[in-house]
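The numbering of the sequence shown is this note's numbering, which starts it at 223 and goes up by one. We put the CB at the ideal spot given by N, CA and C, even for glycine. Comments concern the structure below.
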Amino acid sequence: MSSDAVIATNDDATICKRSAVDMGYWKDEALASLVLSKTRKTPEINRGYFSRVASIYRLVEKFLRMSGKCQIVNLGAGFDTLFWRLKADGHHLDCYVEIDVSPVTSKKIAKIRNSKALLTGIVSGESGDDIEFNVSDLHSQHFHIVSADLSNTLQVEAKLKKCGVNYGLPTLFLSECVLVYLDTPSSDSLLKWITSSFESCFFVNYEQVNLDDKFGAVMVRNLHSCGCVLAGIDSCKDKPSQTLRFLNSGCTGAHIWTLNEVYDGLPREDIERIERLEFLDEKELLVQLLEHYCLCTAWKDPKKFGFDEIDFK
Ligand SMILES: C[S@@+](CC[C@H](N)C(=O)[O-])C[C@H]1O[C@@H](n2cnc3c(N)ncnc32)[C@H](O)[C@@H]1O
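The following block contains the structure:
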C-alpha cells in the first residue's frame, strides 16, 4: 500500500497542472473544481507539464479515433481530469475507469459530489444513468472511480469486474507518474496480468528516466527527503529499462521518447504559443529537466483492432 508521501504526490501533480492551466498553457474547466489552491510554478515546470499533458492527450485521442468501441483504464489517476477534457472535446467514452488508493479516490469523489460541473460531465443524459456512490468508489454508465492497490492484482481484477470491463475490447492503460511508486515485482505482475487478460492493449506510460546521472540523483534525493520512496526506480534507469519491462511483460512492441524529444515533436504552432506565455531566458534547466522524464508506449496485438503503433506527433 502507498505511503502518505506517495499519496501526496497527487497534490503536487494537481497543483502543478493548475499552475500551467492558470497561465494559459491548456484549457481544463474541471481542474478548478478539484484543486482550489493556486501556486505559480516556474516556466520550466509549466512547460514540462504542458509537454506531458499535450502528448498524452494526443496519444489518447488517436487511440480513440483508431479503435472504435474501446476502454480506458487510468492507473493511479489521482485528480487527473482527462475524462472531463475528452468529454468537453466531444469524445464518446464507452468505459473509462480510474483506479487509485482509497484516500485519494474518496477525496476525489467528495469533490465530485460537491461540484455540479464535475457531476454534469459524468451523467450522459441517457435515462437510467444514475450515479452509484460509496465513500471510495463511484460507478456511472460510462465513468468509474475505484479504490484498489495496484500492487494487488486480485483486487484490481475484482474492481474492474464491478466496472463491467470487457476483456475483448481494445483497452488503453494510462500510467502517469505511477509505476515508479510500485516495487518492480508488483508492477511486473500488474503488467503481466493486463497483457495476459486483455486481448488487445495499449500502454501510455509517463515517468522519470535517466535517473542514473547526477541530475537524476538530485531528483531522487529530493523525493527521498520528502519521505517518498521510488520503489520502481530500476525501470527508470534509462530508455532501454523503461521499454524492456513492457516487452518482458507480454507486450509485442514499445516506443519511448524523452520529454525533450516530445517537446521537439509537438506541433510548432503549439510550442510557439506556449513559449510566448512566459519569458524563459536560459533554457539549460528546462532541457535537463525534460531529459529526465519520458513518454513510453507499448502494445499487444493492436493490429487485431485496426491499428499498429500510435505516435503522439
Ligand atoms: C504523482 S501522482 C500522479 C497522479 C496522476 N496520474 C497525474 O499524473 O496527475 C501518483 C498517483 O499514484 C497513486 N498510487 C501510487 N501507488 C499506488 C498503488 N499502489 N495503488 C494505487 N495507486 C497508487 C498515488 O496515490 C497518486 O495518486
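Any chance the CB of M400 is under 7 Å from a heavy atom of ligand 1? In the sequence under discussion, the amino acid at residue 400 is Val, which differs from the Met named in the question. Yes - ligand 1 has a heavy atom lying nearer than 7 Å to the Cβ of V400.
Alpha-carbon to alpha-carbon, K525 and L372: Taking the straight line joining both Cα atoms gives about 28 Å.
Going by the CB atoms, is the gap between G300 and L511 shorter than 8 Å? Going by beta carbons, L511 and G300 fall outside the 8 Å limit.
Through-space distance from I294 to E497, alpha-carbon basis: Straight-line Cα distance between these residues: approximately 31 Å.
Output yes or no for whether 8 Å exceeds the beta carbon distance between A370 and E251. No; because the gap between Cβ atoms is not below 8 Å, this pair is not in contact.
Reduced DSSP secondary structure (H/G/I, E/B, other) of I478: In this structure, I478 counts as strand in the three-state DSSP scheme.
Could you tell me the distance, in whole angstroms, from the CA atom of A235 to the CA atom of E429? Straight-line Cα distance between these residues: approximately 12 Å.
Best match in V243, K263, R262 and Y247 for proximity to S255 [C-alpha to C-alpha]: Comparing C-alpha distances from S255 to each of V243, K263, R262 and Y247 shows the shortest one belongs to V243.
Answer yes if the stretch 435-452 comes into contact with the stretch 487-494, meaning at least three C-beta pairs across the two stretches below 8 Å, and no otherwise. Verdict: no, contact absent.
6 Å Cβ shell around D523 - same chain, five flanking residues per side excluded: Only S422 meet the Cβ criterion.
Do you know how far the Cα of S324 is from the Cα of F305? C-alpha separation (whole angstroms): 19 Å.
How long is the line joining the alpha carbons of G350 and I367, rounded to whole angstroms? Any answer about G350 is weak, because its pLDDT of 49 lies below 50 and its placement is not dependable; what the coordinates show is given next. In this structure, the CA atom of G350 is about 19 Å from the CA atom of I367.
Closer than 7 Å: T231 CB and nearest ligand 1 heavy atom: Result yes, Cβ under 7 Å from ligand 1.
For ligand 1, I want to know if D322 counts as a neighbour, meaning its beta carbon is within less than 7 Å of at least one of the ligand's heavy atoms. It does: the Cβ of D322 is within 7 Å (strictly closer) of some heavy atom of ligand 1.
Is it the case that the CB of S411 approaches a heavy atom of ligand 1 more closely than 7 Å? Not under cutoff, so the answer is no.
Should N268 go down as buried or exposed, given a rule of 16 or more other Cβ atoms within 10 Å for buried? With 16 or more other Cβ atoms within 10 Å, it is buried.
Could you tell me whether the Cβ atoms of I532 and M288 are closer together than 8 Å? Against a cut-off of 8 Å, the Cβ pair of M288 and I532 comes out as a contact.
Go ahead and pull the three-state DSSP assignment for G350. Low confidence applies to G350: its pLDDT is 49, below 50, so where it sits in the model is not reliable enough to give any reading.
For T375, verify whether its CB is less than 7 Å away from any heavy atom of ligand 1. Flag unset: Cβ of T375 not near ligand 1.
Within 10 angstroms of its Cβ, does N336 collect 16 or more other Cβ (buried), or is it exposed? N336 should be labelled exposed.
In three-state terms, what does DSSP make of F529? The answer is coil: DSSP assigns F529 none of H, G, I, E or B.
Exposure of R180, with buried meaning 16 or more beta-carbon neighbours within 10 Å: No answer is possible for residue 180: it lies beyond the span of the chain, which begins at 223 and ends at 535.
Within the chosen definition, does the stretch 388-399 reach the stretch 475-482 through at least 3 CB pairs nearer than 8 Å? Touching, no, given that fewer than three Cβ pairs across the two stretches are closer than 8 Å.
Thinking C-alpha only, which one of H446, W415 and R280 is nearest N470? If we check each option's Cα against that of N470, W415 comes out closest.
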